[in-house]
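Protein sequences, first through last, are from chains B and A. Note that our numbering has the first sequence beginning at 839, numbered continuously upward. Note that our numbering has the second sequence beginning at 839, numbered continuously upward. The C-beta atom is built at its ideal place from N, Cα and C for all residues, glycine as well. Everything numeric in this text was worked out from a predicted model, so none of it was measured. Everything below concerns the one structure shown next.
Number of protein chains: 2
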Amino acid sequence: MKNLSPLIQNFVLHFGEMGSRWGINRTVGQIYALLYVSDRPLNADEIAEALDFSRSNVSMGLKELESWRLVRLQHLPGDRREFFSAPEDVWMIFKTLAEERKKREVDPTLSMLRDAVITEVNDPGDKFAQQRMKAMHDLIELVSSWFTDVHKLDQDTLVQLMKLGAKVQKLLELKGRLKIVAGGKKSAT
Amino acid sequence: MKNLSPLIQNFVLHFGEMGSRWGINRTVGQIYALLYVSDRPLNADEIAEALDFSRSNVSMGLKELESWRLVRLQHLPGDRREFFSAPEDVWMIFKTLAEERKKREVDPTLSMLRDAVITEVNDPGDKFAQQRMKAMHDLIELVSSWFTDVHKLDQDTLVQLMKLGAKVQKLLELKGRLKIVAGGKKSAT
DNA sequence: CAGAATTTTCAGTAATTACTGAAATCACAA
DNA sequence: TTGTGATTTCAGTAATTACTGAAAATTCTG
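This is the structure:
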C-alpha cells in the first residue's frame, strides 16, 4: 500500500476484513473502501498502485463492484481511461446493497422454500420439516417485503422512524385506539 | 447424504450454499439446516452420518454454531451422548443472528470509525476521508441502535410494524400533527 | 480408580478461492 | 485502417480455508 495515509490505510484494511466476513472478497472490499474515501474518481492503475494489486485483479474487482451497482464509471474530459467512484449518499449505498442481496440470495431462498412447502409428502419427518420451512418462509417474506416497502420512503421519514426506535410501540397503540374509535362509529351507524 | 429425504436434502444443500455466501462455512450451514428441520435433537454421529462428514468436522461445526448461540445442547436420559437442536422460534433465531453479527462486526467497525473520525489530520485528503467516515459512522450507528431498540419490542408489535410497511409514514405524519397541537397548547399557557 | 464411551484437538492434506502475468480484445485517434 | 493505449480474459499458481484421521483429552460408569 503505497501513498496511503495511515488513516485511510486503516479504513481500507478494516473493510477488506469485514468484506471477507460477509462473503465479499477482501480485495473487492478494499477497492470499495478506497473509492469511498477518495475525494476524486480513480482509475484502475491508481487503485492497483495504491493497494498494491495487479492490474487484472483490480479489473476483476471493479467488475464485481459494478455488478453490485456500488461504483459509478465515468470519463474525464481528455482522458481515455475509465474512472470510478463510489456514490456519496450512504443511505443509497445501504439500499443498493440490501436490494442486491435480496435479489441474489433472499428471493431464491424464498422461492426454494415456497416450492418445498407445497410439495406433497407422506413421511412424518418431511411433514415436520415443511412446518419449519413454512415458519422460515413466512418470516423471511415478512421482513423482506417490509424492506422493499420502506425503501420507498424518503430518507427523512426513514431517519425519523429509526430515531423513534422502540417508541414506535406507543404510536402503534395510538393507532389501535383510533381504529377502535373509528370502527365503533362505523358499527353504530 | 444418506437417509435424507429429497425435501430435506434440498433444503440442507441450499442453506449450505447460502451460508457460504454470507461468510459462514458451507458445512456449518448444512448442519444448522439439518437441525432446524429435524423433529428431534440429533447427536454428532447422526449428523456426521446424515451429511457424510467426518466426526471431527461435525464437532467443529457444532462448536461454531454454539458460539453463535444458534444451537442448544441437551442430554437425553440414559444416554451419555450430547444432543443438539435448533431453537424453534424463527424470530428468536433471527434476533440472535443479528445480535451476534452486531457484536462481532458492526461494533468493531463503529469503534474503528469513531477513532478515525476523532484523529487529528492535516492532509486535505484525510479531511475528506474523515467526512465520509463520519457519514458512514452515523448511518451505521443509527441503524444499529434502532435494531437494538426494536429487539426489545415483543414479537406481535414487531410483526404489526412490519405489516404496516410504508404506511408507517402516515402514522409519523399523524404524530407530527399531534406534536404541533400539543406544542401549541403549551406555548399558549 | 480402571476402563469404556464420547468429544476435542491438531497436524497434514484436500479443496476452494484468490491473484497474477501474458495474451487477447477493445476503443479510439490520427 | 493502423497503431497505441486501455481493459479484459484466462490458464497457471499462490494463498487460504475446509476437512480428515489419529491421537489426546474428557466424561462417565462400574
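Euclidean distance between Cα positions of residue i and residue j
i        : j        : result
A924(B)  : L842(A)  : 46 Å
G965(A)  : F922(B)  : Correcting the residue identity first, residue 965(A) is Lys in this sequence and not Gly. Their backbone Cα atoms lie some 20 Å apart in a straight line.
T986(A)  : A1004(B) : 9 Å
L911(A)  : M839(A)  : 23 Å
A1026(A) : E904(A)  : The predicted model places A1026(A) with a pLDDT of 38, which falls under 50 and marks its position as unreliable, so this point remains unresolved.
L880(A)  : L873(A)  : 7 Å
M898(A)  : T995(B)  : 45 Å
Y870(B)  : P962(A)  : 20 Å
N848(B)  : I862(A)  : 25 Å
S949(A)  : L900(A)  : 30 Å
M971(B)  : N960(B)  : 16 Å
S894(B)  : V988(A)  : 45 Å
R918(A)  : E884(A)  : 14 Å
W984(A)  : R939(A)  : 15 Å
M856(B)  : A973(B)  : 30 Å
R1015(A) : L1002(B) : 16 Å
E920(A)  : V909(A)  : 12 Å
A886(A)  : R942(B)  : 30 Å
H852(B)  : E937(B)  : 24 Å
V850(A)  : D877(A)  : 15 Å
E926(B)  : F932(B)  : 11 Å
T957(B)  : G854(B)  : 42 Å
P915(B)  : A888(B)  : 23 Å
E1011(B) : E902(A)  : 40 Å
R859(B)  : Q998(A)  : 32 Å
M930(A)  : Q868(A)  : 19 Å
F891(A)  : V875(B)  : 44 Å
R1028(B) : R864(A)  : What the structure shows of chain B is the stretch from 839 to 1027, and residue 1028(B) is not part of that stretch, so it cannot be assessed.
S982(A)  : S982(B)  : 18 Å
Beta-carbon gap between residue i and residue j smaller than 7 Å
i        : j        : result
V896(B)  : A882(B)  : yes
R907(A)  : T947(A)  : no
L1009(B) : K1017(A) : no
L845(A)  : M1000(B) : no
H913(A)  : L951(A)  : no
L991(A)  : Q1007(B) : yes
Span of the alpha helix (DSSP H), counted from its first residue to its last, around residue i
i       : result
F922(B) : From DSSP, F922(B) is part of no alpha helix (DSSP H) but of the beta strand (DSSP E) over 920-923.
L900(B) : 893-905
L864(A) : Note that residue 864(A) is Arg in the sequence shown, not Leu. First-last of the alpha helix (DSSP H) with R864(A): 864-875.
R952(B) : 945-956
D994(A) : 993-1002
G857(A) : 844-859
D883(B) : 882-889
G916(B) : Taken as a continuous stretch (DSSP letters only), G916(B) belongs to no alpha helix (DSSP H), as it is neither H nor E.
A839(B) : The residue you asked about is not Ala; residue 839(B) is Met in the sequence shown. M839(B) -> no alpha helix (DSSP H), and no H or E assigned at all.
V988(A) : 962-989
V928(B) : 928-939
Distance between beta carbons of residue j and residue i, contact taken as under 8 Å
i       : j       : result
L977(B) : V944(A) : Not really, about 21 Å apart at Cβ, beyond 8 Å.
Q969(B) : A954(B) : Actually they do not touch by this definition, with Cβ atoms about 11 Å apart.
Under 7 Å from the C-beta of residue i: neighbouring residues of chain A
i        : result
V866(B)  : Under the 7 Å cutoff, chain A gives no residues; its nearest Cβ is about 13 Å from V866(B).
T934(B)  : Going along chain A, no residue has its Cβ under 7 Å from T934(B), so there is no contact; the nearest lies around 13 Å.
M1000(B) : L980, V981, W984
R970(B)  : Y874, V875
E943(B)  : M856, R859
L991(B)  : A1004, Q1007
Range covered by the beta strand (DSSP E) that runs through residue i
i       : result
R910(B) : 910-913
Per-residue contacts from residue i into chain A (C-beta, under 8 Å)
i       : result
V988(B) : G1003, A1004, V1006
M974(B) : Y874, V928
G861(B) : S858, R859, W860, G861
A954(B) : L845, N848, F849
Residue i: contacting residues in chain B (beta-carbon distance under 9 Å)
i       : result
K901(A) : Those within 9 Å of K901(A) in chain B number zero; the least Cβ separation is about 18 Å.
S896(A) : Contrary to the premise, residue 896(A) reads as Val rather than Ser in this sequence. Within chain B, no residue comes near V896(A); the closest Cβ sits about 20 Å away, beyond 9 Å.
Contacts that residue i makes with chain B (C-beta to C-beta distance below 8 Å)
i       : result
K840(A) : Going along chain B, no residue has its Cβ under 8 Å from K840(A), so there is no contact; the nearest lies around 14 Å.
I846(A) : G963, D964, A967
Listed by chain order, chain A residues near residue i by CB distance under 9 Å
i       : result
M930(B) : Those within 9 Å of M930(B) in chain A number zero; the least Cβ separation is about 11 Å.
A886(B) : Neighbours of A886(B) on chain A: none; closest Cβ ~18 Å, over 9 Å.
S843(B) : V959, D961, G963, D964, A967
V997(B) : L980
Chain-ordered neighbours of residue i on chain B, where CB pairs are closer than 7 Å
i        : result
L1009(A) : L1009, K1013
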